[in-house]
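Asker: So the number in this note's numbering is just where the residue sits in the sequence shown, counting from 1, plus 16. The C-beta atom is built at its ideal place from N, Cα and C for all residues, glycine as well.
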Amino acid sequence: MRLTTKGRYAVTAMLDLAIHQGKGPITLADIAQRQGISLSYLEQLFAKLRKSALVTSVRGPGGGYNLARSPADIHVAEVIAAVDESVDTTRCGGAHNCQNNGPCLTHGLWHDLSDRIYEHLNKISLQQLVDQRNDLGERPPTTCAAVDVKLGIQRIGARA
17 MRLTTKGRYA
27 VTAMLDLAIH
37 QGKGPITLAD
47 IAQRQGISLS
57 YLEQLFAKLR
67 KSALVTSVRG
77 PGGGYNLARS
87 PADIHVAEVI
97 AAVDESVDTT
107 RCGGAHNCQN
117 NGPCLTHGLW
127 HDLSDRIYEH
137 LNKISLQQLV
147 DQRNDLGERP
157 PTTCAAVDVK
167 LGIQRIGARA
């Protein structure tokens, strides 16, 4: 599975909102500064997150974003799906046309792996990630690498 920057940044930004829940609306500029994510990229992501009803926006002075639901009710798989990411490990994108317009020999293997990854991410709520952070006495993650570690994701080309 290759989780792109879009998916990782969306999860990071949503986790940042969950960590700061209850402190009023959070500006994208604050998230951008804390997480090292471009403000314009966050604006694109949050348009999709808002459309998927994962966040609400507050306009005007003191405005920003809040989670639309409790962090316990928002799962990582939802966040990834909201920004048009998939957790598909098949070469054909699940279309069953990997080889000569049909499924390749290992299509079932990769399809099952995709299902397991989705099931795993769909069991992890933002609240669980916040609680893990608090249990370990950690400060808020300052980079996406910290979220990758929490989710057990290894980037392609990254050293183990």
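(1) Would the stretch 79–90 count as touching the stretch 36–54 if we require 3 or more Cβ pairs under 8 Å?
(2) Counting Cβ pairs, one atom from each stretch, are 3 or more of them under 8 Å apart for the stretch 127–136 and the stretch 45–62?
(3) Under a Cβ-count criterion, where at least 16 other Cβ atoms within 10 Å of its own Cβ denotes burial, should Arg24 be classed as buried or exposed?
(4) Run the CB neighbour count on Gln49, radius 10 Å, all protein chains shown included, and call it buried at 16 or more, exposed below.
(5) With a threshold of 16 other CB atoms inside 10 Å of the CB of Asp104, please say whether the residue is buried or exposed.
(6) What does DSSP give as the partner residues of Gly80 in its beta bridges?
(7) Does the Cβ-Cβ distance between Ile42 and Gly76 come in under 7 Å?
(8) Could you have a look at His36 and say whether DSSP puts it in helix, strand or coil?
(9) Sort Thr122, Asn116, Thr21 and Phe62 by Cα distance to Leu83 and report the nearest one.
(10) Sorted by chain position, which residues of the same chain lie with C-beta nearer than 6 Å to Tyr134's C-beta, five sequence neighbours on each side aside?
(11) Can you name, in chain order, every residue of its own chain whose Cβ lies under 7 Å from the Cβ of Leu142, other than the five neighbours on each side?
(12) By DSSP's criteria, Ser141 is part of a beta bridge. Which residues make up the other side?
(13) Among Leu152, Asn138 and Leu145, which has the Cα closest to the Cα of Ile96?
(14) Using 10 angstroms around the beta-carbon of Ala26, count the other beta-carbons present and answer buried if the total reaches 16, otherwise exposed.
(15) Are the beta-carbon atoms belonging to Leu44 and Ala98 less than 7 Å from one another?
Answerer: With the structure as the only source:
(1) yes
(2) Proximity of the stretch 127–136 to the stretch 45–62 falls short of the contact definition, fewer than three beta-carbon pairs being nearer than 8 Å.
(3) buried
(4) With fewer than 16 Cβ atoms within 10 Å of its Cβ, Gln49 is classed as exposed.
(5) buried
(6) Val74
(7) Contact: no.
(8) coil
(9) Phe62
(10) Result list for Tyr134: Ala93 and Val103, in chain order.
(11) Met30, Leu31, Ala34, Pro87 and Ile90
(12) His91
(13) Asn138
(14) Classification for Ala26: buried.
(15) Contact flag unset, no.
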